[in-house]
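So the structure is just underneath, and the comments pick up after that.
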């Protein structure tokens with residue numbers, strides 16, 4: 001997979017996790033594991049953003 005495609009995939013994965021958590025959080029339906037999965041997705045996104053040129 002080319003670098004820009006990987007960047008796009010990481011962006012979408014983070015977006016999906018953020019959307020899922022944003023929808024479910026006010027209803028108290030987000031587990032600790034889900035919060036950790038979101039944090040991991042955001043860390044991966046941050047790493048890709050820092051390295052992308």
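Residue numbers (the UniProt record's numbering): 1 to 53.
For each residue, glycine too, the CB sits at the ideal point set by N, CA and C.
As the structure is a computational prediction, the values presented were derived from the model and not from experiment.
{"Query": "Proximity of residue 21 and residue 10 at Cβ, strictly below 7 Å", "Result": "no"}
{"Query": "Contacts around residue 37, its chain only, beta-carbon distance under 7 Å, and the 5 residues preceding and following it disregarded", "Result": "17"}
{"Query": "Residue from 23, 13 and 24 with nearest C-alpha to residue 43", "Result": "13"}
{"Query": "Residue 1 versus residue 34: straight-line alpha-carbon distance, rounded", "Result": "27 Å"}
{"Query": "Beta-carbon proximity list for residue 45, same chain, < 6 Å, skipping 5 on both sides", "Result": "10 and 14"}
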